[in-house]
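Just so you know, the sequences run in chain order A and B.
With numbering that gives the first Met the number 0 as the guide, the letters of the first sequence map in order to residues 0 to 472.
With numbering that gives the first Met the number 0 as the guide, the letters of the second sequence map in order to residues 0 to 200.
Backbone N, C-alpha and C fix where the C-beta goes; we use that ideal spot for every residue, glycine too.
All values reported here derive from a predicted model rather than from experimental measurement.
Here the structure comes first, spelled out in structure tokens, and everything after it is commentary.
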Amino acid sequence: MNSPRTLYQKHIDSHTVCALDDQGHVLLYIDRQVANEYTSPQAFSGMREAGRKVWRPSATLAVVDHVNPTAPVRIATMPDAGGAQQVSYFEENCRDFGIELFDVLDKRQGIEHVVAPEQGFIMPGMVVAAGDSHTTTYGALGAFGFGIGTSEIEHLLASQTLVYKRLKTMRVTVNGTLGTGVTSKDIIMALIEKIGASGATGYAIEFAGPAITDLSVEARMTICNMAVEAGARGAFMAPDDKVFAYLQLKPRAPQGELWKQAVAKWRGLHSDEDALFDCEVTLDVDALEPMVTWGTSPDQAAPVGGHVPDPASQPDLILRQGMQRALDYMGLEPGMPLSDVVISHAFIGSCTNARIEDLRDVARVVRGKRVAAHVRAMIVPGSTLVRNQAEEEGLAQIFLDAGFEWRQSGCSMCLAMNDDVLAPGDRCASSTNRNFEGRQGAGARTHLMSPAMVAAAAITGHLIDVRSFALEA
Amino acid sequence: MQPFNTVNGSAAPLLASNIDTDVIMPKQFLKGIDRKGLDRGLFFDMRFLESGELNPEFILNQPAWNDAAFLVVGPNFGCGSSREHAVWGLKQVGIRALIGTSFAGIFYDNCQRNGVLAIQVSEAQLKQVAGVISYAETAKITVNLPEQTIELADGKKIPFEIDQLRKQSLLLGLDAIGTTLQRAEQIRSFETQHLLENPWL
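Structure, rendered in structure tokens:
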């Protein structure tokens, strides 16, 4: 208790049932789990085969999000046999094991990492695990979230714990003030570009600094969400008044005396002043430009005003081969200005960037304009509640008038497990999190960027700095 | 879980960096509710040509490596999606261990839970291993978990580190859930106290 501790250490200490060895392994108690239809089936089958019960059913919230269609008119039936089977087995499992489920037709359905915060299911100080790598999102609320595989889901369902090895800690201090048109997406993309796709492997990242404090809670979620693309197994931020204000309005937030008691405790959730981190990184965002990816790994990114890099200038052989392979896949030439890259698709969606603030950003760019004739542009809201709110605010009409498809909620073309799939050679400006080969469809090409940047690209038909675009308007 | 003790077989080099789980197991193979058929999906876009025939260029399609028991991989192998289907697919084609300089965290844990040994070595050691196994006639190695060594065809032995907890669990093929549930009372008493201190949970 005496030596100063980081917020990460406090989270782990307060959730340790017992130490398992002297090499950092502990039995870690998990407060909440979110489950989806595609990574959970084999875990539930394992429970059935062993005749085990779910330890604490109320700790799990189940949401259908990965395989459902996002066509504008919602229907309960899945168009393909595999998806239909996953959804129906998911319903059966939730019913038999007593787990609350938001099915496709539920008014609260959406992408799990949008839905759980929106419902107030995630609160500061919690440790959360889920069968999806983007569980890191919850760090923005002062919780510690991390992704797990299906075997671990089963372990968690059966015991409410995980056998866990403590991570090293990295603090990323973000200084400066973001310029107009530059967003939290650009901060996290710049960080990943700087430290690499495995720059934070083995670490939990704590984000701090004035540029983080300045951000809204939703914008912070984008940063924690994508920290996993730098290899971080968890990312978080000390909760502040913005977080408490965000939570207080949510359906499952504690009420009355319990709320006061909770907030009093949450105010203590920060790293001690003298706490030591295993690694410190600093980022200054005063001169940060909107970022775009040019390659097939999230760290292959550059400011939009830049050029496609030349592999010949990379001294490291493996990195050079990786760059060359990426450029071949992406169909780009070294030295080409990024703003010359012509797109065929624009996608706004995903657990990274499909919350209401993201959609407002998009509306500001596209109001009164038209999507370029050669571009198919889709907006897939992060949840059904976000969709309804966007309709109430008049955003949906702006999108429709501009020629965007206004769709139902789901993971959709972020990973293309449903029927929203790109064809070989398609090139997509995307507000998502991964530009891997084949991610949005075999042979399809993905450029990651902020929602406002996707919106600008949709209108002009090529990658463009949203700031110059706004001036043109 | 299948125990891992000493395993002998050929080791295939797959040294590109950041090979992600979307590449290891593409989306069209994720629609099951069991673990079946993932051997077909493994590295699908690399293993098969557009015509559906095997791609003769791909390492696992070449005679010396088509029954590989090991992969020697580039940095950050298994990054991206948490899909355990990637590890199930590796297991189904007979991969028992991976040797690399770094593995993505979730993937590393998924390997452990399935009895697949993920061995972390230094860059110099990886170069040494890759330099030998990349030739058909010297592709066979022996991974000895009790001794924590990789023995190459040239007779050289390369030591590796592993947490004792992971090692024991792999050697014995332990059921992790069964082991944890032996502590059920301890978990329940922790939980009671935890919920008392944080009643909003």
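Mind listing, in chain order, the continuous alpha helix (DSSP H) runs of no fewer than 4 residues lying wholly within the segment 5-50 of chain A? 6-13, 40-49
Pull up the distance between the alpha-carbon of residue 55 (chain A) and that of residue 167 (chain A), whole angstroms please. 30 Å
C-alpha distance - residue 53 (chain B) paired with residue 218 (chain A), whole-angstrom precision: 45 Å
Please state whether DSSP places residue 470 (chain A) in a helix, a strand or coil. A caution first: residue 470 (chain A) carries a pLDDT of 49, below 50, which makes its placement in the model unreliable, though a value can still be read off. Correct three-state label for residue 470 (chain A): helix.
Under the three-state reduction of DSSP, which class applies to residue 172 (chain A): helix, strand or coil? strand
Using C-beta distances below 8 Å, list every residue in its chain close to residue 212 (chain A), excluding the 5 sequence neighbours before and after it, in chain order. 239
Beta carbon of residue 370 (chain A) nearer than 8 Å to that of residue 403 (chain A): yes
Any Cβ of chain A within less than 8 Å of the Cβ of residue 163 (chain B)? yes
Please list, in chain order, the chain B residues whose beta carbon lies closer than 7 Å to that of residue 473 (chain A). Outside the shown range of chain A (0 to 472) lies residue 473 (chain A), about which nothing can therefore be said.
Residue 136 (chain B) to residue 148 (chain B) span [Cα, whole Å]: 21 Å
I want to see whether chain B comes within less than 8 Å of residue 409 (chain A), judged by CB atoms only; does it? no
Report the neighbours of residue 38 (chain A) on chain B: residues whose CB is nearer than 8 Å to its CB, in chain order. Among the residues of chain B, those whose CB is under 8 Å from the CB of residue 38 (chain A) are 81, 82, 83, following chain order.
What residues from chain A crowd round residue 185 (chain B), counting only those whose CB sits closer than 7 Å? 16, 17
Say whether the segment 151-164 of chain A touches the segment 164-179 of chain B, bearing in mind that this needs 3 or more beta-carbon pairs closer than 8 Å, one atom from each stretch. yes
How far does the beta strand (DSSP E) with residue 60 (chain A) in it extend, from its first residue to its last? 59-62
Can you list, in chain order, the stretches of the beta strand (DSSP E) that have 3 or more residues and sit fully within the segment 121-178 of chain B? 139-143, 148-150, 156-158
Is any beta-carbon of chain A found at less than 8 Å from that of residue 121 (chain B)? Taking Cβ atoms only, chain A never reaches closer than 8 Å to residue 121 (chain B), which makes this a no.
From this set, A:432, A:436, A:195, which residue's C-alpha is nearest residue 222 (chain A)'s C-alpha? A:432
Could you check what DSSP says for residue 269 (chain A) in three-state terms: helix, strand or coil? coil
Would the beta-carbon of residue 370 (chain A) be found less than 7 Å away from any heavy atom of the ligand ZN? The ligand ZN is absent from the structure shown, which contains no ligand whatsoever.
Where residue 472 (chain A) and residue 356 (chain A) are concerned, what is the direct C-alpha to C-alpha distance, given to the nearest angstrom? Only weak support exists for where residue 472 (chain A) lies, its pLDDT of 43 falling under 50; the value from the coordinates is given anyway. Going from the Cα of residue 472 (chain A) to the Cα of residue 356 (chain A) covers about 21 Å.
Between residue 133 (chain B) and chain A, is there a C-beta pair that is closer than 8 Å? no
Does the count of Cβ pairs from the segment 265-273 of chain A and the segment 248-257 of chain A closer than 8 Å reach three? no
Beta-carbon separation of residue 338 (chain A) and residue 461 (chain A) under 8 Å? yes
Tell me where the alpha helix (DSSP H) around residue 385 (chain A) begins and ends. 383-391
Mind checking residue 4 (chain B): buried by the 16 CB within 10 Å criterion, or exposed? exposed
Of the residues that make up the segment 3-35 of chain B, which ones have a beta carbon closer than 8 Å to any beta carbon in chain A? 14, 15, 16, 17, 19, 21, 22, 25, 26, 29, 30, 31, 32, 33, 34
How would you call residue 427 (chain A), buried or exposed, if buried means at least 16 neighbouring beta carbons within 10 angstroms? buried
Could you give the DSSP three-state label for residue 403 (chain A): helix, strand or coil? coil
Take residue 408 (chain A) as the anchor and find which of A:25, A:74, A:22 has the nearest alpha-carbon. A:74
Determine, using beta carbons only, whether residue 64 (chain B) comes closer than 8 Å to chain A. Not one beta carbon of chain A lies nearer than 8 Å to the beta carbon of residue 64 (chain B).
How would you call residue 59 (chain A), buried or exposed, if buried means at least 16 neighbouring beta carbons within 10 angstroms? buried
Cβ pair count under 8 Å reaching 3, the segment 266-285 of chain A against the segment 1-17 of chain A: Contact holds: three or more Cβ-Cβ distances are below 8 Å.
By Cβ distance below 7 Å, which residues in the same chain neighbour residue 189 (chain A) in space, the five residues on each side in sequence not counted? The answer, listed in chain order, is 282, 287, 290.
Where does residue 60 (chain B) fall in DSSP's three states? If DSSP states are grouped into helix, strand and coil, residue 60 (chain B) belongs with the helices.
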